[in-house]
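Sequence positions in the sequence shown follow the working numbering and run -12 to 221. Backbone N, C-alpha and C fix where the C-beta goes; we use that ideal spot for every residue, glycine too. Let me begin by presenting the structure, written as structure tokens, before commenting on it.
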Amino acid sequence: MLKTFPFGEADLIVTYLSRDFGLVKAFAKSPRKIKSRFGSSLEPLTHAKISLRGKEDAALPRLTQSDIIKSHQTLRESYNCFMRVAGMLELTLHLLPEGEPNPGAFRLLLKALEMMEAECTDLSALLYKIRMLGLAGYSPRLKGCARCGKSGRKFYVSHGSIICEDCIADLSEEERRGARPLSHGSIKLYETLLTWDISKLSRVKASPMMVKELAGMLDSHVEYTLSRQLRVKG
Ligand SMILES: [Zn+2]
């Protein structure tokens, strides 16, 4: 379960990432009343088996049953850790379309929650974000220049890619805006995190500076990609 949203006095709208239906929203009647049958299964980050009832075309199905598979309580106990995970979930909510199954994204989230319980670091959160962007089809390109393939050290959000020194001359003033320099180490770290076995993340060597650099690049890439999407939809 990713997010709850109060609805009226005692009701909630709950957002899930499900294996079979992708992102789904459901209406939960009165879970905020004491003795609700949903109990703590509606805590954010809880992995639960749920049943929904509603007509196919109904905007919001109703939650009829919710049983905890894993509560992931430890992730809610530390403020810093919870904030890291909240950032991961926020990205997921923004990237995935509602009602479209994405089994890879579902598996990644389950694995990532386990990983965060073992090691709640900025590096783990970064790995999740990089992989989720890939599963949603929005990976930035760091493997060479988008135009000629040569290696480069500056990432341009306008192209979602690195552009090399030679090709920069062709870019307009606007396209050059928001360029982010990346160190060689950060680019290598990115490639590593794309394919690394999640359960062995502790073996990855990454300086805090590299993690920060990549996280900043990803944030601006996501911001640019999503705002462009909004413009297209609007
Ligand atoms: Zn180039």
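Going by alpha carbons, who is nearest to residue i out of the options?
i	options	result
E30	F8, I56, I117 and G9	I56
D157	I37, W183, T179 and R134	R134
R118	L78, G86 and D7	L78
E162	S170, H171, I150 and F69	I150
L50	S38, Y125 and H59	S38
L114	P48, K130, Q52 and L205	L205
G124	S5, V209 and D(-2)	V209
S159	K137, G172 and S145	S145
M102	L4, W183 and I0	W183
R94	E64, G41 and H34	H34
L122	T108, S17, L110 and G91	G91
Spatial neighbours of residue i within its chain, please: C-beta separation below 6 Å, excluding the five flanking residues on both sides.
i	result
Q216	none
I155	none
K20	A(-3)
Considering only heavy atoms of ligand 1, does any lie closer than 7 Å to the CB of residue i?
i	result
I150	yes
R134	yes
K137	yes
C68	no
D109	no
D206	no
D184	no
D7	no
D153	yes
For my contact list, residue i and residue j are in at a C-beta cut-off of 8 Å; report their separation, rounded to the angstrom.
i	j	result
N89	G9	5 Å
P168	G147	Not really, about 16 Å apart at Cβ, beyond 8 Å.
T2	L80	7 Å
L(-11)	L47	L(-11) to L47, Cβ: 16 Å. No contact.
Going along the chain, which residues of its own chain have a beta-carbon closer than 8 Å to the beta-carbon of residue i, five neighbours each way excluded?
i	result
K187	none
G221	With a pLDDT of only 49 at G221, under 50, the local geometry of the prediction cannot be trusted, and no value is derived from it.
What are the start and end residues of each continuous beta strand (DSSP E) run of 3 or more residues lying completely inside the stretch 85 to 152, in chain order?
-> Every beta strand (DSSP E) of 3 residues or more that sits fully in the stretch 85 to 152 is shown, in chain order, as 128 to 132 and 141 to 143.
For the stretch 34 to 79, list the beta strand (DSSP E) runs that are entirely contained and at least 3 residues long, ordered along the chain. Listed in chain order, the complete beta strand (DSSP E) runs (minimum 3 residues) inside the stretch 34 to 79 are 34 to 40 and 49 to 57.
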